[in-house]
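Numbering (UniProt numbering), first residue to last: 1 to 460.
Think of the CB as a built atom: it goes at the ideal place given N, C-alpha and C, for glycine as much as any other residue.
The structure displayed is predicted, hence computed values, not measured ones.
Structure first, then comments.
Next comes the structure, spelled out in structure tokens:
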């Protein structure tokens, strides 16, 4: 291969290689390419075990230029491993732990936990080394001390981050938990993740199993990390999966000065979980009425008849009118939360009075067949005002239990009224009920989709 081109040209070519394996292969072409492109390999590191993390740490500790090259650090699909062998030389890592430990006792604890193979200790050991990181996918054990402590110290500029700042360029964070039994997986308290909301360049945040609770499990005031002031966080996108926020995730949401996307999936399955209260989210999001563009509220949520606080009756309450959310384009919400129909068959306020003029896509979940006629009528009124008010609307989705629930019970006797080849399908009468809306959508140039989670083909 001709090698007459200057290094800058080869590096420019390397910039266009997005596939990690292609970058990795370049390292083995020749010694010159190894020196040039090794930094590209370390731009994105995916670490799935303690041994991989140990190898990564050894490389960036010995070559700081590789640590500065890291832009994405992912700990995903984590595989737990046995402790390190007594014969393993951990001197390099123990010395680094001494450098970042403010006390001798903490250093001794690091040494012990690294030798015993504590995954969280190895993960946390790498965080102070990557000052230019933009994206972080972090996996937490059920119980942790190193990760929370490192994050709190980074936001406060405490040792080791007083001379070696970390996370200052971080823009995107995704938090998850190590795999395990459902009742053994951990949860995040808002106090644990609020430090991310204080980082200067953060824009996108997502987490699984955030539990908002007023129980004694919350850190005491003097121990809890300092929360950002309302309207001071630069985060614009928040996604919370299988979470439980009975106070509307108030501290997280209200800290954002210009929230553009909020996606929340409720779950009652966690210990100490409390019932879903839509109106609490309305109050939390009130400060984002002029900026919020995407709202997915409780999409595919899980609601149990009873929670730790008793009978679960609030999940069907009305969220409140969305008309004042003047930037809102993409809405995904359950029917009882979209319209106030809890105690009557018709809404107290028509849908045309609940939607903003900016809406482009409306996805209505949890529509019972008994409510479909009402929803069709309400959506038809919205379409009638498309030329004068809802000009941006181009898509409607309606999801509910629309298949024949007797299919499974009667399949053995040969009854196939609601299935095709054994697959569940939406009942013909549901399509008949929705037909006036379909006609109106065709005339208005709006896409319409009927969906049922039990009918796989309709969810594609």
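7 Å Cβ shell around residue i - same chain, five flanking residues per side excluded
{"i": "residue 170", "result": "133, 134, 136, 199, 201, 202"}
{"i": "residue 415", "result": "At residue 415, the pLDDT of 29 sits below 50, so the modelled position is not reliable and the matter cannot be decided from this model."}
{"i": "residue 346", "result": "374"}
{"i": "residue 93", "result": "57, 114, 125"}
{"i": "residue 68", "result": "131, 132"}
{"i": "residue 436", "result": "376, 380"}
Whether residue i touches residue j by CB criterion (7 Å)
{"i": "residue 151", "j": "residue 114", "result": "no"}
{"i": "residue 147", "j": "residue 179", "result": "no"}
{"i": "residue 276", "j": "residue 297", "result": "no"}
{"i": "residue 358", "j": "residue 396", "result": "no"}
{"i": "residue 43", "j": "residue 81", "result": "no"}
{"i": "residue 234", "j": "residue 208", "result": "no"}
{"i": "residue 364", "j": "residue 339", "result": "no"}
{"i": "residue 210", "j": "residue 237", "result": "no"}
{"i": "residue 356", "j": "residue 379", "result": "no"}
{"i": "residue 325", "j": "residue 272", "result": "no"}
{"i": "residue 142", "j": "residue 186", "result": "yes"}
{"i": "residue 269", "j": "residue 302", "result": "yes"}
{"i": "residue 372", "j": "residue 331", "result": "no"}
{"i": "residue 244", "j": "residue 267", "result": "yes"}
{"i": "residue 154", "j": "residue 194", "result": "no"}
{"i": "residue 232", "j": "residue 122", "result": "no"}
{"i": "residue 61", "j": "residue 96", "result": "yes"}
{"i": "residue 254", "j": "residue 230", "result": "yes"}
Where the beta strand (DSSP E) containing residue i begins and where it ends
{"i": "residue 362", "result": "361-367"}
{"i": "residue 268", "result": "Neither: residue 268 is in no beta strand (DSSP E) and is coded neither H nor E."}
{"i": "residue 205", "result": "204-208"}
{"i": "residue 135", "result": "135-140"}
{"i": "residue 245", "result": "237-245"}
{"i": "residue 343", "result": "From DSSP, residue 343 is part of no beta strand (DSSP E); its letter is neither H nor E."}
{"i": "residue 449", "result": "447-451"}
{"i": "residue 73", "result": "72-79"}
Endpoints, alpha helix (DSSP H) assigned at residue i
{"i": "residue 146", "result": "146-156"}
{"i": "residue 335", "result": "335-338"}
{"i": "residue 250", "result": "250-254"}
{"i": "residue 442", "result": "428-444"}
{"i": "residue 111", "result": "104-115"}
{"i": "residue 69", "result": "64-69"}
{"i": "residue 462", "result": "In this structure the chain extends from 1 to 460, so residue 462 is not present and cannot be described."}
{"i": "residue 296", "result": "Unbroken run through residue 296 is the beta strand (DSSP E), 294-297; no alpha helix (DSSP H)."}
{"i": "residue 281", "result": "278-285"}
{"i": "residue 192", "result": "190-193"}
Residues near residue i in its chain [Cβ-Cβ closer than 6 Å; skip 5 each side]
{"i": "residue 442", "result": "none"}
{"i": "residue 217", "result": "With a pLDDT of 49 at residue 217, under the threshold of 50, the modelled position of that residue is not reliable, and the figure given next carries that caveat. Counting only Cβ-Cβ distances below 6 Å, and skipping sequence neighbours, we find nothing."}
{"i": "residue 100", "result": "128, 160"}
{"i": "residue 448", "result": "396, 438, 441"}
{"i": "residue 444", "result": "383, 386"}
{"i": "residue 452", "result": "402, 403, 426, 458"}
{"i": "residue 366", "result": "334, 335"}
{"i": "residue 219", "result": "Note that residue 219 scores 48 on pLDDT, short of 50, meaning its location in the model is unreliable and no value can be drawn from it."}
{"i": "residue 144", "result": "120"}
{"i": "residue 314", "result": "275, 277"}
Distance between beta carbons of residue j and residue i, contact taken as under 8 Å
{"i": "residue 174", "j": "residue 206", "result": "5 Å"}
{"i": "residue 55", "j": "residue 83", "result": "That belief does not hold up - the Cβ atoms of residue 55 and residue 83 are roughly 17 Å apart, past 8 Å."}
{"i": "residue 319", "j": "residue 281", "result": "7 Å"}
Beta-carbon contacts of residue i that lie in its chain and below 8 Å, excluding the five residues immediately before and after
{"i": "residue 78", "result": "48, 49, 119, 139, 178, 179"}
{"i": "residue 157", "result": "165"}
{"i": "residue 430", "result": "369, 372, 402, 450"}
{"i": "residue 392", "result": "329, 357, 358, 359, 360"}
{"i": "residue 45", "result": "56, 70, 72, 73, 74"}
{"i": "residue 149", "result": "124"}
CB contact check: residue i to chain C, cutoff 7 Å
{"i": "residue 274", "result": "Here chain C cannot be found, since the structure has a single protein chain."}
### Task
Decide yes or no for the touch test of the segment 66-85 against the segment 93-109: beta carbon pairs closer than 8 Å, at least 3 of them.
No: fewer than three Cβ pairs fall under 8 Å.
### Task
Please determine if the segment 344-355 and the segment 273-287 are in contact, where contact requires at least 3 C-beta pairs separated by less than 8 Å.
The segment 273-287 and the segment 344-355 do not touch, with fewer than three beta-carbon pairs separated by less than 8 Å.
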